[in-house]
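Here the structure comes first, spelled out in structure tokens, and everything after it is commentary.
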Amino acid sequence: SWWDVSENIASGHLVQVLPEYYQPANVWAVYVSRLATSAKVRITVEFLRQYFAEHYPNFSLEHA
1 SWWDVSENIA SGHLVQVLPE YYQPANVWAV YVSRLATSAK VRITVEFLRQ
51 YFAEHYPNFS LEHA
């Protein structure tokens, strides 16, 4: 996945040969409904959202 190789591409250790071809990758935060109001869950999901937004600028968040 892009996440696995992005640093190597940025550093020049790898070269992307088909830039127009890519497979989207999804990240899911799955939890039981009774935890939907949990502060720990909210903080964890927010951390993940910020982390991916910072490290992977093309990351987008969709709510299910």
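With UniProt numbering, the residue at position 63 of the sequence shown is 63, and numbering never jumps. Think of the CB as a built atom: it goes at the ideal place given N, C-alpha and C, for glycine as much as any other residue. This one's a predicted model, so the numbers in the text were calculated from it and none came from an experiment.
Sequence-distant residues of its chain with Cβ nearer than 6 Å to residue i (five each side left out)
i, result
"residue 35", "41"
"residue 38", "none"
"residue 23", "none"
N- and C-terminal bounds of the alpha helix (DSSP H) containing residue i
i, result
"residue 50", "39-55"
"residue 10", "2-11"
Cβ-Cβ distance between residue i and residue j below 7 Å
i, j, result
"residue 25", "residue 6", "no"
Contact set for residue i: own chain, Cβ-Cβ below 8 Å, skip 5 residues either direction
i, result
"residue 44", "29"
"residue 48", "27, 29"
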